[in-house]
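Since the structure comes first, as structure tokens, the remarks are kept for the end.
There are 2 protein chains.
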Amino acid sequence: MFTFEIVARDGAARRGVIRTPHGEMETPGFFAVATRAALKGLDPQAARQVGVQALICNGYHLAVQPGAAAVEAAGGLHRFMAWDGPLATDSGGFQVFSLRHGQIADELKGRRRLPASPADEDPLEAVHVDDDGADFRSYLDGTRHRFTPENNMALQRALGADVLFCLDECTPFHVPQAYTHTATERNLRWARRCLEEFQELGMASRQALYGIVHGGVYPELRHLSARGIAAMGFDGFGIGDCLGETKADWYGVVDLVCPLLPEDRPRHLLGVGEPDDLVEGALRGIDTFDCAMPTRIARHGQALRFGLPRFRLNLGRPACRTDDAPIEDGCQCSACERFGRAYLHHLFKAKEILAISLVAEHNLAFTVRLLARVRDAISAGRLEELRAEVSRLPPAC
Amino acid sequence: MFTFEIVARDGAARRGVIRTPHGEMETPGFFAVATRAALKGLDPQAARQVGVQALICNGYHLAVQPGAAAVEAAGGLHRFMAWDGPLATDSGGFQVFSLRHGQIADELKGRRRLPASPADEDPLEAVHVDDDGADFRSYLDGTRHRFTPENNMALQRALGADVLFCLDECTPFHVPQAYTHTATERNLRWARRCLEEFQELGMASRQALYGIVHGGVYPELRHLSARGIAAMGFDGFGIGDCLGETKADWYGVVDLVCPLLPEDRPRHLLGVGEPDDLVEGALRGIDTFDCAMPTRIARHGQALRFGLPRFRLNLGRPACRTDDAPIEDGCQCSACERFGRAYLHHLFKAKEILAISLVAEHNLAFTVRLLARVRDAISAGRLEELRAEVSRLPPAC
Numbered sequence: 002m003f004t005f006e007i008v009a010r011d012g013a014a015r016r017g018v019i020r021t022p023h024g025e026m027e028t029p030g031f032f033a034v035a036t037r038a039a040l041k042g043l044d045p046q047a048a049r050q051v052g053v054q055a056l057i058c059n060g061y062h063l064a065v066q067p068g069a070a071a072v073e074a075a076g077g078l079h080r081f082m083a084w085d086g087p088l089a090t091d092s093g094g095f096q097v098f099s100l101r102h103g104q105i106a107d108e109l110k111g112r113r114r115l116p117a118s119p120a121d122e123d124p125l126e127a128v129h130v131d132d133d134g135a136d137f138r139s140y141l142d143g144t145r146h147r148f149t150p151e152n153n154m155a156l157q158r159a160l161g162a163d164v165l166f167c168l169d170e171c172t173p174f175h176v177p178q179a180y181t182h183t184a185t186e187r188n189l190r191w192a193r194r195c196l197e198e199f200q201e202l203g204m205a206s207r208q209a210l211y212g213i214v215h216g217g218v219y220p221e222l223r224h225l226s227a228r229g230i231a232a233m234g235f236d237g238f239g240i241g242d243c244l245g246e247t248k249a250d251w252y253g254v255v256d257l258v259c260p261l262l263p264e265d266r267p268r269h270l271l272g273v274g275e276p277d278d279l280v281e282g283a284l285r286g287i288d289t290f291d292c293a294m295p296t297r298i299a300r301h302g303q304a305l306r307f308g309l310p311r312f313r314l315n316l317g318r319p320a321c322r323t324d325d326a327p328i329e330d331g332c333q334c335s336a337c338e339r340f341g342r343a344y345l346h347h348l349f350k351a352k353e354i355l356a357i358s359l360v361a362e363h364n365l366a367f368t369v370r371l372l373a374r375v376r377d378a379i380s381a382g383r384l385e386e387l388r389a390e391v392s393r394l395p396p397a398c
Numbered sequence: 002m003f004t005f006e007i008v009a010r011d012g013a014a015r016r017g018v019i020r021t022p023h024g025e026m027e028t029p030g031f032f033a034v035a036t037r038a039a040l041k042g043l044d045p046q047a048a049r050q051v052g053v054q055a056l057i058c059n060g061y062h063l064a065v066q067p068g069a070a071a072v073e074a075a076g077g078l079h080r081f082m083a084w085d086g087p088l089a090t091d092s093g094g095f096q097v098f099s100l101r102h103g104q105i106a107d108e109l110k111g112r113r114r115l116p117a118s119p120a121d122e123d124p125l126e127a128v129h130v131d132d133d134g135a136d137f138r139s140y141l142d143g144t145r146h147r148f149t150p151e152n153n154m155a156l157q158r159a160l161g162a163d164v165l166f167c168l169d170e171c172t173p174f175h176v177p178q179a180y181t182h183t184a185t186e187r188n189l190r191w192a193r194r195c196l197e198e199f200q201e202l203g204m205a206s207r208q209a210l211y212g213i214v215h216g217g218v219y220p221e222l223r224h225l226s227a228r229g230i231a232a233m234g235f236d237g238f239g240i241g242d243c244l245g246e247t248k249a250d251w252y253g254v255v256d257l258v259c260p261l262l263p264e265d266r267p268r269h270l271l272g273v274g275e276p277d278d279l280v281e282g283a284l285r286g287i288d289t290f291d292c293a294m295p296t297r298i299a300r301h302g303q304a305l306r307f308g309l310p311r312f313r314l315n316l317g318r319p320a321c322r323t324d325d326a327p328i329e330d331g332c333q334c335s336a337c338e339r340f341g342r343a344y345l346h347h348l349f350k351a352k353e354i355l356a357i358s359l360v361a362e363h364n365l366a367f368t369v370r371l372l373a374r375v376r377d378a379i380s381a382g383r384l385e386e387l388r389a390e391v392s393r394l395p396p397a398c
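Protein sequences, first through last, are from chains S and Y. Going by the working numbering, the residue at position 259 of the first sequence is 260; the numbering climbs one at a time, nothing skipped. Going by the working numbering, the residue at position 57 of the second sequence is 58; the numbering climbs one at a time, nothing skipped.
So this is what it looks like as structure tokens:
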């Protein structure tokens, strides 16, 4: 029921098709992030209309609210959220452990927590991890939950997505290498337990399980993890854990990891999706991406387009107040087809939530359109040309 | 360019068609409230798809943000907000004066302000009214603005809607009759000045102007106002000002006013739109309604349906958590066609704004569908039967 076919190559880049019980996904392709079984502010039908092929939800968030049983009772995630296309669920490990280690903002602002240790059992700590699994508190009501590889597979079976990810601990940049080493080895053991449970529960007939490569920014740990995960026989592979501080850091990780993974399985780069990232990832052999950025920046009035700075048009700036032009000429999203920047500027000033829906739809349309260009460039052997074009940005307008 | 044709009658009720430069509106019909040039959370195209015929925006809010010049530069409100159907603008008088008199919540909670008097010129007061017009402060930045009948017509000309309302002072329930008397007489003078300016500016070729009947809950003042307004030659009539505390109060006002208005012009009941209100208003000869309730209650998880209490289903209540049924069987809105109550319950719990869009769409679909039934009932001479059906509510489910 789950297959991956490569139809064209351009250097390390591959164009392909992932087939799932809920339809196909062309690759390189994008999983739009629907953390709590909803794209932020956007009807999934609108996302489908602008070309979004696949969604990814979050196991942690859905376990806490509404709970796996409620989703299962509603007929599974596809039916619950009215999305009949390819759908993935992340284990929720990232979210559980970000409670422990703090957010990126904590790193940037120097609010570092101590690395975990066996003595680190302060009941105030939100997360406790041991070899068997991880205890965490609900972000909603403080109730205790526990994830183990086994119950996480049961959770993701109940949710019923097409593509699942193994439970993993995602280490942040600020922990010592020794901690990352420990976590990487534990993640390998957890991956094996996830795979065994996945097989035990008979899930393989309708779901696919991806292993995740860990190891932070340490080449030897990435080697260790990639070789271990690659040997286990997963349907596909995520490249996760800490990818470093700079783009060069993650280019290095992906350059190192992709050649170690089986050629015939899809490779997913977790949590990366800036426009240039999509091209750089594809060039290195990444097949799928997911990233909350397109919908997140919409909430702050930022629209994706080719231009400086950082591919963003800030709709809140005064110059947009009297600008009749669409965000992007030729874009066929609702925002660009029917509204000018002046109207969108007004909606943000007036705090109208319609603004968020419209810009989220545009940002997803932009992202999936760029990936369609990536696929065409691979077929034409011209991905390097597309990279040159994307990096040679016109000035912001 | 603006006509009103009555095509059927049932007692005092009339079925008709309002024709505007931007298309037709069947009556009894509903103007969905798009205060700041946006339906709260809903793309106007989605509203159109569920049968919304017309929108109404607010002059005060648009004068403050983005300003009439910005809307005019964008080609007028229709183009600015991508709505090509019938569109009305209220003068903004209600909002200006609610700053002076306080909100309904203030009345309920006893936070009463003193009635205005010539001595009432405290610079801290948000509004100062004199015979010429009213000064008010922007709710956004505190800047001073002034509305006069003349500049309000210029504002509404720049906005470019099809149906305009005269500038008026809307008195609340708690002011003395003497104040309402003074305001009612001033509103008559303002109505004449609005009409003269409307004609002076040559607006009648593409816009229609409605006079508004005032007089609070005082029959003699309603008589005074209705006769005065009816004699001036407006394209249509609003019934505004304070309509009382109970439904019986406004039934009485409408029963009194409608027979005093010209038979051949449309009558709009300002700010009223509960399901039973639509039937009761139509029975008394009201042709159009506007009300923010359908979109406002959506933000609080309340979906309209036939049932107690008050035609509302509270999607936040625990019973909805595992309820797969749509809000309303047979409803063709996006919420009912694709999602169950359990999903909508989840979205509200998870604070996903998609919930607001979906329930707003349902609530507007419910409202316009009920009015379609009202029109059919008028044609069939069965509006009393529909009233009986609506008042004989099934128990909440």
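Just so you know, even glycine gets a beta-carbon here, dropped at the ideal spot from N, CA and C.
Q. For S/Thr-90 versus S/Leu-40, is the C-beta distance shorter than 8 Å?
A. Position 89 of the first sequence, counted from the start, is the residue given in the question as residue 90 of chain S. Position 39 of the first sequence, counted from the start, is the residue given in the question as residue 40 of chain S. No, these two residues do not count as a Cβ contact at 8 Å.
Q: Please name the residue, chosen from Y/Asp-236, Y/Phe-98 and Y/Ala-304, that lies closest to Y/Thr-172 on a Cα-to-Cα basis.
A: Residue numbering aside, residue 172 of chain Y sits at position 171 when the second sequence is read from its first letter. Minimum Cα distance to Y/Thr-172 is reached at Y/Phe-98.
Q: Just the chain Y side, please: which residues come within less than 8 Å of S/Ser-335 by C-beta, in chain order?
A: Residue numbering aside, residue 335 of chain S sits at position 334 when the first sequence is read from its first letter. Asp-44 and Gln-46, listed in chain order.
(Q) On the CB-based measure, 16 or more other CB atoms within 10 Å of its CB, does S/Met-1 come out buried or exposed? (A) It is not possible to answer for residue 1 of chain S, since the shown part of chain S is limited to 2 through 398.
Q: Consult DSSP for Y/Val-273 and reduce its assignment to one of helix, strand or coil.
A: The count along the second sequence starts at 1 and reaches residue 273 of chain Y at position 272. Of the three classes helix, strand and coil, the one that applies to Y/Val-273 here is coil, per DSSP.
Q.
For S/Leu-309 and S/Pro-276, what's the separation of their Cα atoms in angstroms?
A. Taking the first residue of the first sequence as 1, we reach residue 309 of chain S at position 308. Taking the first residue of the first sequence as 1, we reach residue 276 of chain S at position 275. When rounded, the distance between both Cα atoms is 12 Å.
**Q.** Bridge partners - S/Gly-239, DSSP secondary structure assignment
**A.** Against the first sequence, residue 239 of chain S aligns to sequence position 238. Paired residue(s): S/Ile-213 and S/His-269.
(Q) When you compare the CB positions of Y/Leu-345 and Y/Leu-365, do they come within less than 8 Å of one another, or not? (A) As a first step, residue 345 of chain Y must be located in the second sequence, where it is residue number 344. As a first step, residue 365 of chain Y must be located in the second sequence, where it is residue number 364. No, the pair does not count as a contact, with Cβ atoms beyond the cut-off.
Q: Check the Cβ of Y/His-269 against every Cβ in chain S and list those closer than 9 Å, keeping chain order.
A: By 1-based counting over the second sequence, the position of residue 269 of chain Y is 268. Simply none; closest approach about 25 Å.
**Q.** S/Ala-13 and S/Leu-261 closer than 8 Å at C-beta
**A.** Here the question's residue 13 of chain S lines up with position 12 in the first sequence. Here the question's residue 261 of chain S lines up with position 260 in the first sequence. Not in contact: S/Ala-13 and S/Leu-261 (Cβ atoms no closer than 8 Å).
Q: Evaluate S/Met-2 with the Cβ neighbour count: other Cβ atoms within 10 Å of its Cβ, from every protein chain shown; 16 or more gives buried, anything less gives exposed.
A: If you number the first sequence from 1, residue 2 of chain S lands on position 1. Looking at its Cβ environment, which holds fewer than 16 other Cβ atoms inside 10 Å, S/Met-2 is exposed.
**Q.** 8 Å Cβ cut-off: residues of chain Y touching S/Ile-357
**A.** In the first sequence, counting from the first residue as 1, residue 357 of chain S sits at position 356. The contacting residues are Ile-354.
Q.
Against chain S, does Y/Pro-67 count as a neighbour if the rule is that its beta carbon must be under 8 Å from one of theirs?
A. Residue numbering aside, residue 67 of chain Y sits at position 66 when the second sequence is read from its first letter. Chain S contact via Cβ: present.
Q: Could you tell me which residues DSSP pairs with Y/Asn-315 in its beta bridges?
A: Walking along the second sequence from the start, residue 315 of chain Y turns up at place 314. For Y/Asn-315, which the question treats as bridged, DSSP gives the partners Y/Gln-303.
Q. At a Cβ threshold of 8 Å, is S/Thr-181 touching chain C?
A. The displayed structure is made up of protein chains S and Y, and chain C is not among them.
Q | At least 3 beta-carbon pairs within less than 8 Å: the stretch 46-62 of chain S vs the stretch 73-87 of chain S | A | yes
Q | Local Cβ density within 10 Å of S/Glu-362, reported as buried at 16 or more and exposed below that | A | Sequence index remark: in the first sequence, residue 362 of chain S carries index 361 (1-based). It is buried - the Cβ of S/Glu-362 has at least 16 other Cβ atoms within 10 Å.
**Q.** Top-ranked residue by Cα proximity to Y/Gly-17, from Y/Cys-292, Y/Asp-377 and Y/Gln-208
**A.** Taking the second sequence and counting its residues from 1, one reaches residue 17 of chain Y at position 16. Nearest of Y/Cys-292, Y/Asp-377 and Y/Gln-208 to Y/Gly-17, Cα basis: Y/Asp-377.
**Q.** Start-to-end residues for the beta strand (DSSP E) that takes in S/Thr-247
**A.** Here residue 247 of chain S refers to the residue found at position 246 of the first sequence. Neither: S/Thr-247 is in no beta strand (DSSP E) and is coded neither H nor E.
**Q.** Y/Phe-5: first and last residue of the uninterrupted beta strand (DSSP E) it sits in
**A.** Here residue 5 of chain Y refers to the residue found at position 4 when the second sequence is read from its first residue. 4-11 is the extent of the beta strand (DSSP E) around Y/Phe-5.
Q. When we look at the beta-carbon of Y/His-301 and count the other beta-carbons within 10 Å, is it buried (16 or more) or exposed?
A. Residue mapping note: residue 301 of chain Y aligns to position 300 of the second sequence, counting from 1. So Y/His-301 ends up on the exposed side.
Q: State yes or no: is the beta carbon of S/Ala-120 nearer than 8 Å to at least one beta carbon in chain Y?
A: Here residue 120 of chain S refers to the residue found at position 119 of the first sequence. With a pLDDT of 42 at S/Ala-120, under the threshold of 50, the modelled position of that residue is not reliable, and no figure is offered here.
Q) Based on the DSSP secondary-structure assignment, which residues constitute the bridge partners of Y/His-363? A) If you number the second sequence from 1, residue 363 of chain Y lands on position 362. DSSP output for Y/His-363 lists no bridge partner at all.
Q) Where does the unbroken beta strand (DSSP E) through S/Gly-17 begin, and where does it stop? A) As a working note, residue 17 of chain S is residue 16 in the first sequence. 14-21 is the extent of the beta strand (DSSP E) around S/Gly-17.
**Q.** Residue interval of the beta strand (DSSP E) (run including S/Ile-57)
**A.** As a first step, residue 57 of chain S is located in the first sequence; it is residue number 56 there, counting from the start. Taken as a continuous stretch (DSSP letters only), the beta strand (DSSP E) holding S/Ile-57 covers 55-59.
Q | S/Glu-73 (DSSP reduced to helix, strand or coil) | A | Taking the first sequence and counting its residues from 1, the one referred to as residue 73 of chain S is at position 72. Note: S/Glu-73 maps to helix in three-state DSSP.
Q. Span of the alpha helix (DSSP H) holding Y/Leu-345?
A. What you label residue 345 of chain Y is simply residue 344 of the second sequence in a count that begins at 1. Counting along the chain, the alpha helix (DSSP H) containing Y/Leu-345 begins and ends at 342-350.
Q.
Using only CA atoms, which one of S/Leu-314, S/Asp-265 and S/Ala-64 lies nearest to S/Thr-4?
A. Counted from its first residue, the first sequence places residue 4 of chain S at position 3. The shortest C-alpha separation from S/Thr-4 is found at S/Asp-265.
Q: Could you name the residues of chain S that Y/Gly-341 contacts, counting a contact when the two beta carbons are closer than 8 Å?
A: Position 340 of the second sequence, counted from the first residue, corresponds to residue 341 of chain Y. The answer, in chain order, is Ala-75 and Phe-81.
Q) Would you say Y/Ala-283 reaches chain S, if we count a Cβ-Cβ gap shorter than 8 Å as a contact? A) Start at 1 with the first residue of the second sequence, and residue 283 of chain Y comes out as number 282. By this cut-off, Y/Ala-283 is not an interface position.
Q) Residues of chain S with a CB under 7 Å from the CB of Y/Thr-323: which are they? A) As a working mapping, residue 323 of chain Y is identified with position 322 in the second sequence. Correct list: Ala-71 and Ala-74.
Q. Mind checking if S/Gly-111 is an interface residue toward chain Y, Cβ cutoff 8 Å exclusive?
A. The residue you call residue 111 of chain S lines up with position 110 of the first sequence. In this prediction, S/Gly-111 scores a pLDDT of 48, lower than 50, which makes its location untrustworthy; no coordinate-derived value is stated.
Q: State the DSSP-derived secondary structure class of Y/Ala-33, mapped to helix, strand or coil.
A: Here the question's residue 33 of chain Y lines up with position 32 in the second sequence. In the structure shown, Y/Ala-33 sits in a strand (DSSP, three-state: E or B).
Q | Inter-residue Cα distance where the pair is S/Glu-329 and S/Val-369 | A | Taking the first residue of the first sequence as position 1, residue 329 of chain S is located at position 328. Taking the first residue of the first sequence as position 1, residue 369 of chain S is located at position 368. Cα-Cα distance, rounded: 14 Å.
Q.
Using only the alpha-carbon positions, how far apart do Y/Ala-389 and S/Phe-81 sit?
A. Position 388 of the second sequence holds residue 389 of chain Y. Position 80 of the first sequence holds residue 81 of chain S. Near 37 Å, if we compare the C-alpha coordinates of S/Phe-81 and Y/Ala-389.
Q. Quick one: is S/Tyr-140 near chain Y, going by C-beta distance under 8 Å?
A. On the first sequence, residue 140 of chain S is found 139 positions in, with the first residue counted as 1. False, the Cβ-Cβ gap to chain Y never drops below 8 Å.
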